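First the structure, in the form of structure tokens, and then the observations on it.
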Amino acid sequence: PRHYEEQLHPVFKELCRFFKSRGMYVFLHSCGNVKDLIPYFIEEGIDVLQPLEVKAGMDLIELKEKYGDKMTFMGGIDVRLMALDDPRPIEEEIKRKITFAKQGGGYIYHSDHSVPNNVSFQNYKRVIELVHKYGRYR
Numbered sequence: 032p033r034h035y036e037e038q039l040h041p042v043f044k045e046l047c048r049f050f051k052s053r054g055m056y057v058f059l060h061s062c063g064n065v066k067d068l069i070p071y072f073i074e075e076g077i078d079v080l081q082p083l084e085v086k087a088g089m090d091l092i093e094l095k096e097k098y099g100d101k102m103t104f105m106g107g108i109d110v111r112l113m114a115l116d117d118p119r120p121i122e123e124e125i126k127r128k129i130t131f132a133k134q135g136g137g138y139i140y141h142s143d144h145s146v147p148n149n150v151s152f153q154n155y156k157r158v159i160e161l162v163h164k165y166g167r168y169r
């Protein structure tokens, strides 16, 4: 965090100010565990953090509870579960996380990483059906 605060934080603040002055939203894609940097992201004016990599320790529910009133989250659905032959783990993942994260708005579905080529079309189609089932804002 010290390196980020000293070297990148001022630059990101200026970039966010520039984009927001033109009416744009700012999305940040950051792989890995960036939990400790989220307060900086909020101060900078970053609107959306993506992809919330599960295997790196990014927990969508924890982040939504702590920062959901200040930032939108995009992702956090574990791609490793998408390739399984058993459909129950990915359904539980989507149901639990998206049902919670969509409360009050501020969540956009996305996997936590690139969808690997061992995820079949049929499995990914099922993922999208589950996202519609549990993630629809009413």
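Numbers given in this note's numbering equal positions in the sequence shown, counted from 1, plus 31.
Even glycine gets a Cβ: it sits at the ideal position worked out from N, Cα and C.
Keep in mind that this is a model prediction, so the values were computed, not measured.
Could you tell me which residues DSSP pairs with residue i in its beta bridges?
i	result
F72	Paired residues: none, contrary to the question.
Q153	Paired residues: none, contrary to the question.
F43	DSSP, once it has assigned bridges, lists no residue as partnering F43.
S142	I108
Between the alpha carbons of residue i and residue j, how many angstroms are there, rounded?
i	j	result
R167	L161	10 Å
Q153	E123	18 Å
H40	F49	14 Å
D109	H163	17 Å
V65	E36	13 Å
G135	L46	28 Å
V85	G107	6 Å
D143	Q81	8 Å
D90	M102	14 Å
L115	Y165	20 Å
Q38	E74	15 Å
D100	P118	32 Å
I121	N149	15 Å
S52	R169	32 Å
Taking the alpha carbon of residue i as the reference point, which residue from the options has its own alpha carbon closest?
i	options	result
V42	P118, V65, I77, Y56	I77
V158	V79, M113, R169	M113
L83	E74, Q38, H60	H60
M105	A132, R33, N148	A132
C62	Y138, R33, G88	G88
Exercise. Do the segment 89-98 and the segment 55-73 meet, that is, are 3 or more Cβ pairs less than 8 Å apart?
Worked result: Result yes; three or more Cβ-Cβ pairs closer than 8 Å.
Exercise. Which full runs of the beta strand (DSSP E) of 3+ residues lie inside the segment 93-127, going along the chain?
Worked result: You should have 103-105.
For this session: Specify whether the segment 125-133 and the segment 142-157 touch according to this definition: at least 3 beta carbon pairs, one from each stretch, less than 8 Å apart.
Result: By the Cβ rule, the segment 125-133 does not count as touching the segment 142-157, because fewer than three pairs are nearer than 8 Å.
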